[in-house]
Amino acid sequence: MSQAIADPRAPQRTVRRSGPNLEKWGWIYMRASGVLLIVLIFGHLFVNLMVGEGIHGIDFAFVAGKLASPFWQWWDVLMLWLALIHGANGMRTIVNDYVTHEGTRKVLVWALWLSAGFLILLGTLVVFTFDPCIPNLSDGSILTEICSAA
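Just so we're aligned: the sequence shown equals residues 1 to 150 in the working numbering.
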């Protein structure tokens, strides 16, 4: 008994689903966010490592000074959001490629998105609610002057 193999060049009948093509939009997001992340990450590294005293100047006061500026708050939040969604989408693709059991796949994808959402929420709260004046600053640093003026 022999079976014939279908001609690979024969037209395939595909069933088109209605609604948005989420895989296409995920693919587009990965490319766009990847390009934007390169700019954001290298800008972040340049400011932190090359400007001023370089790596020796990074301390609590440096971070507090950056997070006091709305520009750097939004820069860091955008980098956080894009990186976490980019990473979660990449992990979702890996799960879809390698996990064959439908129930396990759904659980893992939900766990990915829940953990990414939790980290996005937590990171955003840290960036926008950061208060450098909470620690006891009596060492004469620039933060002591800033916090006493506020």
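Glycine included, each C-beta is placed from N, C-alpha and C at the ideal position.
Computed from a predicted structure; not experimentally measured.
Around the C-beta of aspartate 97, fewer than 16 other C-beta atoms lie within 10 Å, and the residue is accordingly described as exposed. Rounded to whole angstroms, the gap between the alpha carbons of glycine 57 and arginine 31 is 34 Å. Secondary structure at proline 20: coil, using DSSP grouped into helix, strand and coil. C-alpha of isoleucine 5 to C-alpha of proline 11: approximately 14 Å in a straight line.
Residue range 102–129 is occupied by the alpha helix (DSSP H) that includes threonine 124.
Counting the other CB atoms within 10 Å of its CB gives alanine 111 a total below 16, which places it among the exposed residues.
Where alanine 64 is concerned, the enclosing alpha helix (DSSP H) starts and stops at 60–67.
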